[in-house]
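Chemist: Note that the sequence shown covers residues 235 to 492 in the numbering used here.
Where a beta carbon is used, it is the ideal one built from N, C-alpha and C, also for glycine.
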Amino acid sequence: MRLSGKIAIVTGGGRGIGEAIAIALAKEGCSVAVAGRTKAHLERVAAEIQKLGQESLAIVCDVSDPASVSRLFQTVHGRWGKLDILVNNAAESHSELLSRLSLETWQRALAIILTGSFLCSQEALRLMLPRRSGRIINILSLAAKEGLRYAGAYTAAKHGVLGMTRTMALETATSGITVNAVCPGWVETEMARETMKTIGAKTKIGVEKAREFLAAECPQKRILQPEEIAFAAVFLACDEARGITGQAINVDGGKVMS
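1) Rounded C-beta distance between Leu259 and Val266? I'm assuming under 8 Å.
2) Which same chain residues end up closer than 7 Å to Leu374 when comparing Cβ atoms and leaving out the 5 residues on each side of it in sequence?
3) Tell me the DSSP secondary structure of Ala242 in three-state form.
4) Please report how far the alpha carbon of Phe307 lies from the alpha carbon of Phe465, in whole angstroms.
5) Hey, is the segment 417-434 in contact with the segment 443-452, meaning 3+ C-beta pairs nearer than 8 Å?
6) May I have the straight-line CA-CA distance separating Leu335 from Tyr388, to the nearest angstrom?
7) Ordered along the chain, which non-local residues of its own chain (more than five positions away) have a Cβ less than 6 Å from that of Gly263?
8) What is the residue span of the beta strand (DSSP E) that Pro364 lies within?
9) Go through its chain and collect everything with a Cβ distance to Pro300's Cβ below 7 Å, but skip five positions before and after it.
10) How would you label Lys240, buried or exposed, when you count the other beta carbons within 10 angstroms and need 16 or more for buried?
11) Spell out the partners DSSP gives Thr349 in its beta bridges.
12) If you draw a straight line from the C-alpha of Val321 to the C-alpha of Gly312, how long is it?
13) Tell me which residues share the same chain as Leu404 and place their Cβ nearer than 8 Å to its Cβ, disregarding the 5 neighbours each side in the sequence.
14) Please go through the segment 396-462 and give each complete alpha helix (DSSP H) segment of 4 or more residues, from N-terminal end onward.
15) For the beta strand (DSSP E) that contains Val321, what are its first and last residues?
This is the structure we're talking about:
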């Protein structure tokens, strides 16, 4: 097991990509705290991790709230005494043109995706810097590298986290800490399925045609699986990846080659 004895926090860990990452980390020997908004989802994932023989905590957390984030990290530190890996995966999606987007929706997306990643990363660094060791992995999107119609706030927030990733990587480069991002394409998750439904409804082509359209955008002509994103996150968490920092790795079937 490449990550035996390591301690990880995965935000947005109750379903989809976050769940897959939490399980993948546990399979490599990690104890994992899964954080998110829905207790039942978190407890289900934590139970799966425990079945794998690893310790796990299910912690309800609003990553946009500094007090809630502080409690999350205090709980993890109190339980295990350290933190080795932070995966920032919490996100908020929407579907509206920027010209019609409400200020509330804009602020909510930035609060969860951008501010949430900042707050969690800052708390993580407080634990990692004294030990001169750690991995911060931000789960972004191709929307961090290109525009995405009907998702202006989401796209702006993801671009912001990418900038933060690169800056934080420079600031921690001599501290034994790496900071990287993973940028998935379309992945088979509940959030993606809801987006497909919205596209299908707004364009009147239906959800299956919307799925086919999105799959066709990928050179591999498919929707990816959450486990493929999890593999990239586990790789970045390993000691062997210590020379990789400030990078944004695309896992998208070849759609964006930069």
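Modeler: Judging by the given coordinates:
1) Indexing the sequence shown from 1 puts residue 259 at position 25. Indexing the sequence shown from 1 puts residue 266 at position 32. Confirmed, Cβ separation roughly 5 Å.
2) As a position in the sequence shown, residue 374 is number 140, starting the count at 1. For Leu374, where only same-chain residues beyond five positions count, the Cβ hits under 7 Å are Lys392, Val395, Leu396, Ala415, Val416, Cys417, Ala482.
3) Residue 242 sits at position 8 when you count from the first residue of the sequence shown. Residue state, collapsed to three classes: strand.
4) Translated into positions along the sequence shown, residue 307 becomes position 73. Translated into positions along the sequence shown, residue 465 becomes position 231. Rounded to whole angstroms, Phe307 to Phe465 spans 25 Å at the Cα level.
5) yes
6) For the purposes of this step, residue 335 is taken as the residue at position 101 of the sequence shown. For the purposes of this step, residue 388 is taken as the residue at position 154 of the sequence shown. Each residue's Cα considered, the two are about 11 Å apart.
7) Position 29 of the sequence shown, counted from the first residue, corresponds to residue 263. Met235, Leu237, Ser238, listed in sequence order.
8) Residue mapping note: residue 364 aligns to position 130 of the sequence shown, counting from 1. Premise fails: Pro364 is in no beta strand (DSSP E) and is neither H nor E.
9) As a working mapping, residue 300 is identified with position 66 in the sequence shown. Hits under 7 Å: Leu353.
10) The count along the sequence shown starts at 1 and reaches residue 240 at position 6. Buried, by the Cβ-count rule.
11) The residue you call residue 349 lines up with position 115 of the sequence shown. The partner list for Thr349 (beta bridge, DSSP) is empty, contrary to what the question assumes.
12) Indexing the sequence shown from 1 puts residue 321 at position 87. Indexing the sequence shown from 1 puts residue 312 at position 78. Answer to the nearest angstrom: the Cα atoms are 19 Å apart.
13) As a working mapping, residue 404 is identified with position 170 in the sequence shown. Cβ within range, chain order: Gly480.
14) 424-437, 441-451
15) Taking the sequence shown and counting its residues from 1, one reaches residue 321 at position 87. Val321 -> beta strand (DSSP E) spans 319-322.
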